[in-house]
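According to our numbering, the sequence shown is numbered sequentially starting from 12. Note that CB positions come from ideal geometry on N, CA and C, so glycine has one too. What follows is a single structure, written as structure tokens, with notes after it.
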Amino acid sequence: MRRIIVAKTMEEAYKARRDSAGAVYLTGGTEVLRLGGRADAGSTIIDISSFLPADISLDRDKNLVIGAAATFQDVIDSPLTPEWLRKACRYMASLSLRMQATVGGNIASLRDDSYLIPTLLAAGARLKTYGNRGFMEGSLQDYVSNGGSRYAILSVTVDRDACVASRRIARSSSTHSALNIALGRGRGFFAALKGSGILQGIEAINACEPVDDLTGSAGYKRYIIGQCAGLLSQEVEE
Ligand SMILES: Cc1cc2nc3c(=O)[nH]c(=O)nc-3n(C[C@H](O)[C@H](O)[C@H](O)COP(=O)(O)OP(=O)(O)OC[C@H]3O[C@@H](n4cnc5c(N)ncnc54)[C@H](O)[C@@H]3O)c2cc1C
12 MRRIIVAKTM EEAYKARRDS AGAVYLTGGT EVLRLGGRAD AGSTIIDISS FLPADISLDR
72 DKNLVIGAAA TFQDVIDSPL TPEWLRKACR YMASLSLRMQ ATVGGNIASL RDDSYLIPTL
132 LAAGARLKTY GNRGFMEGSL QDYVSNGGSR YAILSVTVDR DACVASRRIA RSSSTHSALN
192 IALGRGRGFF AALKGSGILQ GIEAINACEP VDDLTGSAGY KRYIIGQCAG LLSQEVEE
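Written out as structure tokens, the structure reads:
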């Protein structure tokens with residue numbers, strides 16, 4: 012049977028996760044609680060939604076700070092959100108899902124069809140996290156390179172003035188994407204490629220051997236990578 016712990020503080024949540032093998036955090040629950048999702052029958056689910064920040068604000072340097080519990084719809088609705096980030100949030104086509112799914116949960120899921128990670132990487136996003144050494148800050152790039160972590164994500168910071176362009180290629184707005192690719196001026200290309208994972212840099216993208224799956228054949232994926240890279244380069248150079 013699943014066990015749900017409703018944590019009241021970050022410290023309590025972290026200890027519960029550390030002490031329980033296979034435990035997962037719960038924020039929006041769209042990934043954890045869905046059928047076939049991340050929490051199997053015997054797992055411990057630690058609800059962190061009550062205290063996780065959900066506000067969207069500017070820091071002293073006018074960077075955008077998004078609380079990890081902000082939903083996709085919160086980000087779209089905020090007047091502070093730059094258009095390139097709003098676009099990435101709209102890749103989640105379902106309004107009901109957008110009103111529940113959080114930014115922190117999307118990042119931590121590290122999905123190979125991630126809506127947000129390529130765009131956030133292309134913007135040079137930084138994460139505030141909580142783990143065994145207390146509060147920490149680091150780049151999203153390191154978080155992804157390390158395959159995520161057991162730390163809780165508290166907030167994401169991005170430069171609102173970053174120049175980022177992205178494309179999502181899928182059979183329909185509501186099916187898994189074959190490719191979600193973003194280019195940031197001065198930062199390069201980042202992609203979520205179905206079956207291959209999250210790829211950082213054009214070398215990693217070009218070196219990757221795509222796989223045939225429901226979203227498309229390997230040849231099709233190679234083709235859309237080439238086409239999208241060309242389009243994004245034009246957009247970012249303009
Ligand atoms: C029908 C359907 C289709 C979907 N399609 C896509 C898709 O194409 N692309 C995509 O990216 N997602 C997709 N999702 C997954 C999901 O909706 C999003 O990734 C969402 O943003 C996850 O956020 P959440 O708050 O619901 O996370 P939760 O379900 O609460 O948690 C997801 C994971 O993140 C961890 N977690 C949650 N919050 C934090 C935190 N603050 N710090 C550290 N770890 C945390 C949990 O332990 C868990 O492993 C889909 C979901 C559904 C139901």
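Query, Result
"Output the boundary residues of the beta strand (DSSP E) element that contains residue 92.", "Taken as a continuous stretch (DSSP letters only), residue 92 belongs to no beta strand (DSSP E), as it is neither H nor E."
"Going by C-alpha to C-alpha distance, which of 14, 210, 80, 151 sits closest to residue 41?", "80"
"Using the three-state DSSP reduction, which class does residue 191 fall into: helix, strand or coil?", "strand"
"Which residue marks the beginning of the beta strand (DSSP E) containing residue 37, and which one marks its end?", "35-37"
"Examine the Cβ distances between the segment 217-234 and the segment 165-173 and report whether three or more of them are shorter than 8 Å.", "no"
"Alpha carbon to alpha carbon, what distance is there between residue 46 and residue 10?", "Because the chain here runs from 12 to 249, residue 10 falls outside it and cannot be looked at."
"Sort 204, 68, 215, 194 by Cα distance to residue 241 and report the nearest one.", "194"
"Among 128, 121, 192, which has the Cα closest to the Cα of residue 160?", "121"
"So what's residue 181 in DSSP terms, helix, strand or just coil?", "strand"
"Return the chain-ordered list of same chain residues with a C-beta closer than 6 Å to the C-beta of residue 196, the five sequence neighbours on each side being excluded.", "174, 247"
"Unbroken alpha helix (DSSP H) runs of length 4 or more, entirely within the segment 115-185: which are they?", "128-133, 151-156"
"Given residue 66, which residues of its chain have a CB within under 6 Å of its CB, disregarding the five upstream and five downstream residues?", "78"
"Between which two residues does the alpha helix (DSSP H) harbouring residue 245 extend?", "229-248"
"Do residue 237 and residue 222 have their CB atoms nearer than 9 Å?", "no"
"I'd like the list of long-range same chain contacts for residue 102, defined as Cβ closer than 6 Å, with 5 residues on each side in sequence excluded.", "126, 179"
"Is it a yes or a no for the segment 131-145 touching the segment 51-58, going by three-plus beta-carbon pairs under 8 Å?", "no"
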